[in-house]
DNA sequence: TATGAATGAGGTTTCATTCAT
DNA sequence: TATGAATGAAACCTCATTCAT
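Protein chains in written order, with my numbering: chain A, 766 to 973; chain B, 766 to 973; chain C, 766 to 973; chain D, 766 to 973.
This is the structure:
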């Protein structure tokens, strides 16, 4: 709301409290999902009374949407798409960059995917928020693929992007389940190759 | 649906009640996840009082673990690995068979993945159950890949299996989020190709 | 009900089941009191289903009354009043016999006193049962005191008996709380002496 | 009843609510014991919703421990040990003072003894609290006895104190069971005498 | 002589949220 | 810029008991 103007530090710092709440909520939500995150637990973890949480956030849904939002922003600073290498290397770089981002700050993806999988009659704002930021990522990726200059149709770009993201999601999950037995870097490298092979195959098809 | 010799029946039929409870719980859990599945809601949906649910299941965890177990068994009847075609066709058949299974009875995967993503300090029995049946599926897939006769190392088999499953998970999620805008069959076909390309690449590497 | 006729042993022995239930109920009730003793817990401890408990006992109240009854009977076999020693020794023997009984099978007293202390609007049958058997013990003790031939008035006999029992109850509680730090035998000896002194004082007063 | 300076007041008065809850809980717990005291019943009696009780007390155990604590504090204001009379009179005064305290506010003792008699695998906080305050009373009594100047060994002081308290507990129970048929004052007088006789006997023994 | 299955009432506790200050 | 106190609804689960077999 107040895009951090310089005044701050006057009396019990509101900005700080907000951050403390978000930190606590992020941690708990990544552990237990949407329903599992109770205001009481957040209050206990951040040390502020429950009513103070309601001073900073309209309701639980609003809080968790904010968690997703901030979480994604953090994630983006890690996930950097390359912008000037050649086709094959580029897809590989995208893959490895994603691997790094997934390893570095997985909270965003974990919570987001949990939300995405639910099918509640009334969709929480938090889920909508995840879907929305995910679309941003999708668009960025599609652009990056289009820029490879490989002469793919729009549908092919869409397929490739979807498959790229699906692989990333799936490998993230594999890592979540398998823990240290899963070599995420190797698997993402494999995924990068597979994307390149797939792109080539698409072009071949186009030329046939 | 319910014939099953005639033994039992007459007087309150426990087997039937158990099934009714599981049906209701499956539906709700797939919609709202572990925490979102309240005994009250299950009771309302299946028509039996909450206390009766506790006659059949020790507690909520036990109930949801049973949901996973039965759900997986059903899913397995749809997911059939082929057993006598050639390498390339075979990987494609695995992929398409999985696509079909994912489209046909997605409850198992949806609930299972939600559980897998959570990181509760004490793991619910239901999550452990999912991890366990998933390992069964992994083993079956690895065997199937080994049987391709492609001369892959054990590590390569493991990588390929993991990647195969990751792709399936990811595409499932893509379908969950994208709905009708996602052509699951086409994407799984693409996944099948990618697996085949990857396998070839692995062999090439071995021979180099 | 069936004062153990010789037939028995026909099919799943009812007498045995009844005993198993009473054993379990005694143990639990001595641990947790009347309310704390749930049919479910008794069922779990004795291995018989809850409905079987209701075949043997009308309801929970009936079960616990039976526990008290049997418990008291057992206790009586340990608590033996002497019947042919001289005054001073006799009171001492009563005291020491009571000490032994209290140490040997304290379940009866523990559960009974718990019940006695409660003041429920509707008195459980079990409490009435305890009060009743306690009166039997009181009467026996009064008779024993009367037989000392000390020329005490009826009121004095009643006072002395009440005080004797009160001391026993109190020392039992002291032992319950203090455990091994309490030398019950020494304290009961002291109690025996005190009773004798008190009796002497009463006679003195009568003669003044 | 509630003046207590005027700080606080205005807006919902937490102190008052807490008191109302404790009053209700004390009454019910003294009637029905630990398990018999349901939060629902307390809520009904004090007029606050059950959830409000949980604002003031962590859980039921915490509530009942608080009941014991406050109950004992009240009891202490009635139970006053004398401090400047001669040996014989003094023991008598202690006894009669205790009789009065027992008659005046028996809730503390009733609930406490019920708790003391239970043997739950995990001891409720409330029971620990009773044991603890009881030790305070024991210490005060022992000091008082030591101050008689009777030259008793420490072990004798301990025995005498234990016996004094045991008698009080036992007579309290006799009164609970016997009601108006029991003349508590007379019996406590008798107990005072018995204590004095016992003390004399101990000294005699020391000198022999 | 039992017992599998069921059940309504009620148990303790947590929930998200509000509101006066 | 907070927060102590409250609250109705709902969470999970256990209760004593019944009944058909």
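Ideal placement from N, C-alpha and C gives every residue a C-beta, glycine not left out. Just so we're clear, the structure is a prediction, and the values are computed from it rather than from any experiment.
Inset, instruction - Would you verify that the beta carbon of residue 845/C is, or is not, closer than 8 angstroms to some beta carbon of chain D? - result: No, its Cβ sits nowhere closer than 8 angstroms to a Cβ of chain D.
Inset, instruction - Pick out whichever of 810/D, 785/D and 831/D has its Cα sitting closest to the Cα of residue 897/D. - result: Taking only the C-alpha atoms, the option nearest residue 897/D is 831/D.
Inset, instruction - From the DSSP output, in three-state form, read off residue 926/C for me. - result: Reduced to three states, the DSSP call for residue 926/C is helix.
Inset, instruction - Just mark residue 894/B as buried or exposed, buried being the case when its beta carbon has 16 or more other beta carbons within 10 Å. - result: Residue environment for residue 894/B: buried (at least 16 other C-beta atoms within 10 angstroms of its C-beta).
Legend entry - Length of the line joining the Cα atoms of residue 932/A and residue 784/B: Using only the alpha carbons, I get a separation of about 36 angstroms.
Inset, instruction - Could you tell me whether any Cβ in chain A is nearer than 8 angstroms to the Cβ of residue 878/B? - result: Interface residue (Cβ-Cβ distance to chain A less than 8 angstroms): residue 878/B is classified as such.
Legend entry - Bounding residues of the alpha helix (DSSP H) (the contiguous stretch that carries residue 757/B): Absent from the model: residue 757/B. The displayed extent of chain B is 766 to 973, so no value can be given.
Inset, instruction - Could you tell me how far apart the beta carbons of residue 961/A and residue 856/A are, in whole angstroms, since I believe they sit closer than 8 angstroms? - result: Indeed, because the Cβ distance is near 5 angstroms, the residues count as touching under 8 angstroms.
Inset, instruction - Rank 781/A, 938/A and 964/A by C-alpha distance to the C-alpha of residue 877/A and give the top, closest one. - result: Per the Cα distances, 938/A.
Legend entry - Contacts around residue 936/B, its chain only, beta-carbon distance under 7 angstroms, and the 5 residues preceding and following it disregarded: 949, 952, 953 and 956, listed in sequence order.
Legend entry - Reference residue 790/A; option with closest CA among 781/A, 780/A, 881/A and 803/A: The option with the nearest alpha carbon to residue 790/A is 803/A.
Legend entry - Distance between residue 921/A and residue 807/B (C-alpha atoms, nearest Å): Rounded to the nearest angstrom, the two C-alpha atoms are 44 angstroms apart.
Inset, instruction - Could you work out which residue in 887/A, 892/A and 884/A is closest to residue 874/A when comparing CA atoms only? - result: Residue 874/A has its Cα closest to that of 892/A, out of 887/A, 892/A and 884/A.
Inset, instruction - Name, going along the chain, the residues of the segment 857–885 of chain B whose beta-carbon falls closer than 7 angstroms to a beta-carbon of chain A. - result: Close to chain A, meaning a Cβ-Cβ distance shorter than 7 angstroms, are the following residues of the segment 857–885 of chain B: 875, 878, 879, 881, 882, 883, 884 and 885.
Inset, instruction - Pull up the CB-CB distance for residue 889/B and residue 799/B, whole angstroms please, since I reckon it's below 8 angstroms. - result: Between residue 889/B and residue 799/B the beta-carbon gap is near 6 angstroms, inside 8 angstroms, which marks them as a contact.
Inset, instruction - Leaving aside the five residues before and after residue 908/B along the sequence, list all residues of the same chain whose C-beta is less than 8 angstroms from its C-beta, in chain order. - result: Once the five neighbours on either side are set aside, residue 908/B has no close Cβ partner at all.
Inset, instruction - Report the residue from 834/D, 850/D and 885/D whose alpha carbon sits nearest the alpha carbon of residue 900/D. - result: Ranking 834/D, 850/D and 885/D by Cα distance to residue 900/D puts 834/D first.
Inset, instruction - Check residue 845/D in the structure and name its three-state DSSP category. - result: Residue 845/D: coil per DSSP, three-state reduction.
Legend entry - Beta-carbon neighbours of residue 939/A, restricted to chain B and to distances below 9 angstroms: Going along chain B in sequence order, the residues near residue 939/A (Cβ under 9 angstroms) are 927, 928, 930, 931 and 934.
Inset, instruction - Just mark residue 850/D as buried or exposed, buried being the case when its beta carbon has 16 or more other beta carbons within 10 Å. - result: Exposed, because fewer than 16 other Cβ atoms sit within 10 Å of the Cβ of residue 850/D.
Inset, instruction - Go ahead and pull the three-state DSSP assignment for residue 825/D. - result: The answer is helix: DSSP assigns residue 825/D an H, G or I state.
Inset, instruction - Kindly indicate which three-state DSSP category residue 710/B falls into: helix, strand or coil? - result: No answer is possible for residue 710/B: the residues shown for chain B start at 766 and end at 973.
Inset, instruction - For residue 963/D, decide whether its Cβ has a neighbour in chain C, counting only Cβ atoms nearer than 8 angstroms. - result: Judged by the 8 angstroms Cβ criterion, residue 963/D is in contact with chain C.
Inset, instruction - Check the Cβ of residue 798/A against every Cβ in chain B and list those closer than 8 angstroms, keeping chain order. - result: Going along chain B in sequence order, the residues near residue 798/A (Cβ under 8 angstroms) are 798, 799, 800, 879, 882 and 883.
Legend entry - Three-state class that DSSP yields for residue 883/C in the structure shown: Reduced to three states, the DSSP call for residue 883/C is coil.
Inset, instruction - Determine, using beta carbons only, whether residue 966/D comes closer than 8 angstroms to chain C. - result: At least one chain C Cβ lies under 8 angstroms of residue 966/D.
Legend entry - Residue-level contact to chain A via CB, residue 821/B, 8 angstroms cutoff: Judged by the 8 angstroms Cβ criterion, residue 821/B is not in contact with chain A.
Inset, instruction - Let me know if residue 968/D comes out buried or exposed under the rule of 16 or more other beta-carbons within 10 Å of its beta-carbon. - result: Exposed.
Inset, instruction - Answer with yes or no whether the minimum CB distance from residue 829/A to chain B is below 8 angstroms. - result: No, no contact with chain B.
Legend entry - For residue 796/C and residue 864/C, the rounded distance between their alpha carbons: Taking the straight line from one Cα to the other gives about 21 angstroms.
Legend entry - Boundaries (first-last residue) of the alpha helix (DSSP H) holding residue 898/D: Counting along the chain, the alpha helix (DSSP H) containing residue 898/D begins and ends at 890–911.
Inset, instruction - Please report how far the alpha carbon of residue 972/B lies from the alpha carbon of residue 964/A, in whole angstroms. - result: Whole-angstrom Cα-Cα distance: 25 angstroms.
Inset, instruction - Consult DSSP for residue 802/C and reduce its assignment to one of helix, strand or coil. - result: In the three-state scheme derived from DSSP, where H, G and I count as helix and E and B as strand, residue 802/C is classed as coil.
Legend entry - Close beta carbons around residue 843/A, own chain, < 7 angstroms, minus the five adjacent residues each side: Exclusion of the five residues before and after residue 843/A leaves 865, 866, 869 and 870 as the residues of its chain whose Cβ lies within less than 7 angstroms of its Cβ.
Inset, instruction - Alpha carbon to alpha carbon, how far is residue 852/A from residue 825/A? Give it in angstroms, no decimals. - result: Approximately 44 angstroms between the Cα atoms of the pair.
Inset, instruction - Return no unless some Cβ of chain B is closer than 8 angstroms to the Cβ of residue 945/A. - result: False, the Cβ-Cβ gap to chain B never drops below 8 angstroms.
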